[in-house]
Structures are given as structure tokens and as C-alpha cells.
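**Q** Note that the protein sequences, when read in sequence, are chains A and B.
If you're matching positions, the first sequence starts at 147 in this note's numbering and goes up one per residue.
If you're matching positions, the second sequence starts at 147 in this note's numbering and goes up one per residue.
Think of the CB as a built atom: it goes at the ideal place given N, C-alpha and C, for glycine as much as any other residue.
Next up is a structure, given as C-alpha cells.
2 protein chains.
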Amino acid sequence: MLPDVKLDPSASVGELTARLVDVESVSGSEGPLADAIEAALREYPHLSVVRDGNAVVARTELGRSRRVVLAGHIDTVPVAGNLPSKVEGDVLYGLGTSDMKSGVAVQLKLAAEVTAPAVDVTYVFYDCEEVESERNGLLRLSGNNPASLAADFAVLLEPTGSVVEGGCQGTLRAEIRVPGERAHSARAWMGRNAIHEAAAVLNLLTAYQARQPEVDGLRYREGLNAVGISGGVAGNVVPDECVVTVNYRFAPDRSSEQAADHVREVFAAWQVTITDVAGGARPGLGNQAAASFVAAMGGTPRAKLGWTDVARFDSLGVPAVNYGPGDPALAHSRREHVALVAIAECESRMRSWLTGD
Amino acid sequence: MLPDVKLDPSASVGELTARLVDVESVSGSEGPLADAIEAALREYPHLSVVRDGNAVVARTELGRSRRVVLAGHIDTVPVAGNLPSKVEGDVLYGLGTSDMKSGVAVQLKLAAEVTAPAVDVTYVFYDCEEVESERNGLLRLSGNNPASLAADFAVLLEPTGSVVEGGCQGTLRAEIRVPGERAHSARAWMGRNAIHEAAAVLNLLTAYQARQPEVDGLRYREGLNAVGISGGVAGNVVPDECVVTVNYRFAPDRSSEQAADHVREVFAAWQVTITDVAGGARPGLGNQAAASFVAAMGGTPRAKLGWTDVARFDSLGVPAVNYGPGDPALAHSRREHVALVAIAECESRMRSWLTGD
């Protein structure tokens, strides 16, 4: 049975964000939220709406000479005691408030209310952005229906603190396999404890000095982190394997291949398996469409540190930037929140840009 | 459907061991093996057989003035590519060959063939010795049917390399909880990586100097090992918790409480949860029954390093020792094996002892 979820795009973007947050949509279980978004958009005759899995695409078809995409993912990382949402003063707290249901609320409101934009607009709401790239809804969409993503320019409403963020860093996951030799734990000296030996991997990670390169005028900041560790056979066995899963975030001056080589080099003492990699995108703010958007939004652009689907638009030949109301520094933290005024400001600026005011 | 397993106690103890090994019986799934043992023993009119869960107890009821217990567990640690058994020269390889299906084979053969022992004998075959102590079949049996374990003396046929091993070390498991702070892995410096910080726990374990105290004339050897580690929220999240499970094997000059205090002291920087503890047993070879058994078996007794159910018999007021054909140093290793001649020798010595020859 689907929960009885109804979204009202005529509410304020703050209220709309709270409503979106309260429909839990951890990656893989976006169904109820996608249903609610689809149902809300089908109410508007100026939009043609298509559903693909748990992605929803709504388009104006006004025959304008140019088309832009506004895109956002509707999934979140796992719940961490931060649902439902709550308002404290001028701030909305809760899972996804920053990354990126506030941006999705802006998309939803603009889709409903901007009936006569100066350019044709494609609003893309998609699933599974917070997990392995092969599950990404935008990737699926680009395979099933590439024409639906065609445009002259795209904006991803990922959290950027209302500043245009250019490009994005790549992300690579790898498993570092530390071997040992099994033995009864009452005679541990007969074996070799793989978990104890994994200390060397963790010590390396702790001491790791990340690069902070400048690319096309923007400063990136890399990172190499353990995001998982597992080992153990039974409570009385010295384990013969410990696996550390690491996530390398790399600046867009490195290709996916160079990133993989780097991780293999850092962990040269062990078996390294690359499990997942998505390349970054250089900022590309020299592009005319991007430059005009930057001028319209104001402020000084900076580097996008998180991987976002600007890289996917980049590979589809669509120039893209990140611009959204959330604070990127709060994404995926338990205390995730967003200022209500920032959401309203993002809505207002983008409405002006779309209508050509 | 139960596998069609049949055991023939008239086979040699070597063949019988191979047959027992080939019936997989990882802790919690001993049913088919318990069925086969029960069915085999019920063939002999000189035995009264009782089943309790996956434990089987067979007793002679000859009205002798003294009664001894021969006991062994029928479960094994998880399979590690070491099934089925195979014979190479005079050696039998496979999971449980040493710990402790060779001992179980001796019990089974003696139960079947020693129809007129000099003392009454209780043969105990029990389940779940290789897991948390609350699941232990002998513990369950001592609750359901304590009279079935009453005796003047008990021998556990755990692997001892055919030397009497006195007492046993205690075993304690604890979870060491390392906290962190969640963040998006693209901005790791906003959080604190619990897995990276667990390096301190692993470094402590690597540097740990274990005690080797002498207790009642026997030399014990302690150990502190990680037997499990887990951490990780999602592939793009800096994790806020990493849990290391450690197993402390402590000499019988320390009580369970002292062992817990020691572990809490070693890991004083973190939250420590004791999840499982089973105290050891002092050697107690001054006891007359134990001393006469030692004399009958020959050799110089030594300390038992692994925890065994001698501690449980000890707490039931039954003096107990370990004596079995397996090599304790091979228990729980992938290359577990036993010399066929050692099984036959154990059978022969114990047969002489039981019949009073």
C-alpha cells in the first residue's frame, strides 16, 4: 500500500521542502516520493510528463529556440535519527534538507508556476544518486531516453550555498584486501591476524596528505577516506582477511584511470580492487551559457567538491553547473539543515532567470 | 529432508573420524550428525540413550561404585575449503579432524564396544561449543538434566596431542566502540572518520604483550585478539562508528571479573561492552581422580590454552581434564589434520583405562 502523499506546489518552497523531506526516500526506495511528484506535475497542462522507473521528467514544449534543464535527485543517504523535519527559527532541519530536497522544492515550484518561460525548460527528478554510479537514475534515463535530456545548458540544484559551483570532483571506490592466516584465537601466535595487520592501512589513511590543486582557476580539495571495514570469521578464530573500502575524491585534473593508478600506488602493499568510479568534470565556466548563468546569479563561482551529475551532462555534451540553496558542508551529516530564506532566494533568482526578467 | 547418514562404530577410529568429518556440522546445524550418532548408539543394548536438542547422552547402568564422563562437542567452526576429509599417508586432513571429531570417534567406538567397563561411563556428545557460551549444549544439558552429567571424574576429548592438559584458560569477548562524526566523504574534514580512528585500537592490539603466568605448576599463555571489525554507513559517508570485537584468552589465575577489568583498562579510551565471558579452570591435578588418570595415560601434563568445558564440569563439582588425539595448535586452521596413529593410540589407552586392564 502506498502512503497517501500529496504535494501542493502552491505552498511556499520552505513548506514544500519540509513536505518532501518527510517522505522518506533513501536510495532504492524513492517510489512513494516519485509517485507524489509525478501526480503533482500531471495537474499542469503546460507540462508534458514522462515517468521512467523512479525518475520523473516534465517538459515545456513552447517551441523556444533554446532549452535548459533543471535537475535534481530525490534520494537521500540513510536515515540517521534526522526525520521528520523540524523548523527552528528560520532554519529547517532534517535528512535531505540540504542535499537536496530544498533544490527539488525549487524545481517543483518553478515547474508548476512558470508557465511561460523565455526558454523551454526540462525539469528532471531522478533516483539513486547517492549510491554506486551504475544504479544512477540519470544514467538509466540517458540510456532509455537520451532525447529527454538534450539541452543547451543544465543546472543541477545540488547544495552550493547559493553560489555557482563549477565542475565536480570524481569519485572512486576500492577494496583493500589485507590477508592473514586463520588460527584458534587461544593460540593466536599460530596464525596471522588480518584485522591487526589492517592497522597499516588505517595508519596510511590517517597520515594521507590530500592534494588541493587549482583547475581552470578554481581550487579543488581531494580526500581519501575509509567508508567501510569488515573482517572476522567467528568469535574464536584469528581472521584471515580484513577488507577496507576506501573512497577517493579526485580533482578534475585527474582522469578516472589516473585516480585508479594513484589508489593502487598508495596501497601497493595490498590487493586493490576498484569497485566503482565516476570521473569528474572540469569547471568549464568559459562556456557562454555557463558564463551568462553565472552573471545572472551573481557572486564568485567556486569549485564543486562533491561528485555530481554535471559530469554526466558534461559527457552528454550539455554544459552544466551546480547551483542550489543547501549548504554543501552539511550534506550527509546528522545535523543537516537549510535556511528557509536561502530556498526562497534561490527560487526567486531562478524564476527571474527563466522568465527573462 | 535429512541426509542419509549412517555411522558404523565397528569401523576403525580413523575411518570413523573421516565419516564424522564428512557430515558438516558447523555450530547451529549439528542436527544430521546428532541424528546419526543417536541412531548408531541406540543399536547397543548395554547403553541407555537420551537426546536433548542436538546433544546425545549414552550411559552404562551397571551399578558400578564410580562413574566417569567422556565428553566431546560435535560442532565445528565454519568451513574453510577443508571439506570433505582426505587421507594423505598416515594423516587425515579436514575440518574438525583435530577439534574434535577424532575425539568423538574414540568416544563413539568405546561406547559401542566397551560393554563391561570397570566403572560406569556416561558418553556425552553435545552441540554449539564453538560459539557464544549461552548457546553451549552442555550448558543447556546441565540445566535440563543435571543428573545426566553427575560423575566422579570427567575427561573431555578435546585436542591435546595425547597429553593430559590441565585446567583451561577463560575467554572473554568485548566490543570496542570507536566514535566519529558523519560527513559527506567529499568534505571529509567536516567530520571525523571512526574507521581511521580505529587505527589506535588496532595499533594497541598489535603492540599488546600477553602474560604467560604459571598456575599450579603449569605454564599458561594469554592472548588478546581482534576477531571482528565493522564500520561504514554508505559508500560516500565518513562513518561515525567503528566497532572492533576482541577476544581475550586469560589464564585461570584471573577471574572473569578481573579479565573484564583488564580489557576495560587496556581500552580505557573507548566504550567497552563485555558481550560474552566464560571463566577458566585451574589445573586441579592434585585431585585424586585426575592424578590417577594422568598416571594411567603417562606423559607430563601441561596447561590447556583453549577454553574447554572442563570449566563447566569444574563448576558442576566434577573434576575434569582434557585428553584427546588432535593437535591443539591446528584447531580452527584451514590445514587442520590428525595422525591416524594418534587416534588409535588414544582409543587403546582409554579402552585399557575403562576396562581396568
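Measure the C-alpha to C-alpha separation of A:Gly463 and B:Gly337 and round it to an integer number of angstroms.
**A** 35 Å
**Q** To be precise: take each residue of the stretch 217-246 of chain A, compare its Cβ to all Cβ atoms of chain B, and keep it if any distance is under 9 Å. Which residues remain?
**A** Val223, Pro224, Ala226, Asp245
**Q** Looking only at C-alpha atoms, which of B:Asn339, B:Ala466, B:Val309 sits nearest to B:Arg323?
**A** B:Asn339
**Q** Quick one: does A:Gln315 have its CB under 8 Å from some CB of chain B?
**A** Closer than 8 Å to some Cβ of chain B, the Cβ of A:Gln315 qualifies, so yes.
**Q** When burial is assigned at 16 or more other CB atoms within 10 Å of the CB, is A:Pro149 buried or exposed?
**A** Caution is warranted here: a pLDDT of 41 is assigned to A:Pro149, below 50, making its placement in the model unreliable, and no coordinate value can be reported.
**Q** According to the neighbour-count rule (16 or more other Cβ atoms, all chains shown, within 10 Å of its Cβ), is A:Gly444 buried or exposed?
**A** Exposed: under 16 other Cβ atoms inside 10 Å.
**Q** So with CB distances below 9 Å, who are the chain A contacts of B:Val379?
**A** Val223, Pro224, Ala226, Val373, Gly374, His478
**Q** Distance cutoff 8 Å, beta carbons only. Does A:Pro149 sit that close to anything in chain B?
**A** Bear in mind that the predicted position of A:Pro149 carries a pLDDT of just 41, short of 50, making it too unreliable to give a figure here.
**Q** Can you tell me which of the three DSSP states A:Phe459 falls into?
**A** helix
**Q** On a CA-only basis, which of A:Phe439, A:Ser158, A:Glu184, A:Gly160 is nearest A:Val151? Give me that one, please.
**A** A:Glu184
**Q** What's the gap between the Cα of A:Gln355 and the Cα of A:Thr391?
**A** Roughly 18 Å separates the two Cα atoms.
**Q** With 16 as the cutoff for other CB atoms within 10 Å, does A:Thr206 come out buried or exposed?
**A** With 16 or more Cβ atoms within 10 Å of its Cβ, A:Thr206 is classed as buried.
**Q** With a 10 Å radius around its C-beta and 16 neighbouring C-beta atoms as the bar for buried, classify A:Val159 as buried or exposed.
**A** buried
**Q** List, in order along the chain, the chain E residues whose C-beta lies closer than 7 Å to that of A:Val383?
**A** The chain labelled as chain E is not found among the protein chains of the depicted structure, namely A and B.
**Q** Can you grab the Cα-Cα spacing for the pair A:Val214 / A:Gly199, in whole Å?
**A** 23 Å
**Q** Taking only three categories from DSSP, how would you classify A:Thr243?
**A** helix
**Q** Relative to chain A, which residues along the stretch 406-437 of chain B have a C-beta separation below 8 Å, given in chain order?
**A** Asp422
**Q** Name the chain A residues that come within less than 9 Å of B:Val277, Cβ to Cβ?
**A** Going along chain A in sequence order, the residues near B:Val277 (Cβ under 9 Å) are Ala380, Gly381, Asn382.
**Q** Which runs of the beta strand (DSSP E), 3 residues or longer, sit entirely within the stretch 271-307 of chain B?
**A** 299-302
**Q** Report back the beta-carbon spacing between A:Val267 and A:Leu216 to the nearest angstrom; my notes put them in contact at under 8 Å.
**A** 6 Å
**Q** How far does the alpha helix (DSSP H) with A:Lys255 in it reach, from first residue to last?
**A** 248-259
**Q** Should A:Met147 be labelled buried (16 or more other beta-carbon atoms within 10 Å of its own) or exposed?
**A** Only weak support exists for where A:Met147 lies, its pLDDT of 38 falling under 50; the coordinates are left without a value.
**Q** Among B:Leu187, B:Glu275, B:Val169, which has the Cα closest to the Cα of B:Pro155?
**A** B:Leu187
**Q** Fully enclosed by the stretch 317-388 of chain B, which alpha helix (DSSP H) runs are 4 residues long or longer?
**A** 340-343, 345-353
**Q** Please go through the same chain and pick out, in chain order, the residues whose beta-carbon is closer than 6 Å to the beta-carbon of A:Asn382, but skip the five residues on each side of it.
**A** Ser331
**Q** What does the alpha-carbon distance come out to for the pair B:Tyr190 and B:Pro398?
**A** 40 Å
**Q** Please list, in chain order, the residues of the stretch 305-333 of chain B that have any C-beta partner in chain A closer than 8 Å.
**A** Gln315, Thr317, Arg319, Glu327, Arg328, Ala329, His330, Ser331, Ala332, Arg333
**Q** Please compile the residues from chain A whose C-beta is within a distance smaller than 7 Å of the C-beta of B:Pro398.
**A** Within 7 Å Cβ-Cβ: nothing; B:Pro398 doesn't reach chain A, min ~13 Å.
**Q** If we define contact as Cβ-Cβ less than 8 Å, is B:Leu302 a contact residue for chain A?
**A** no
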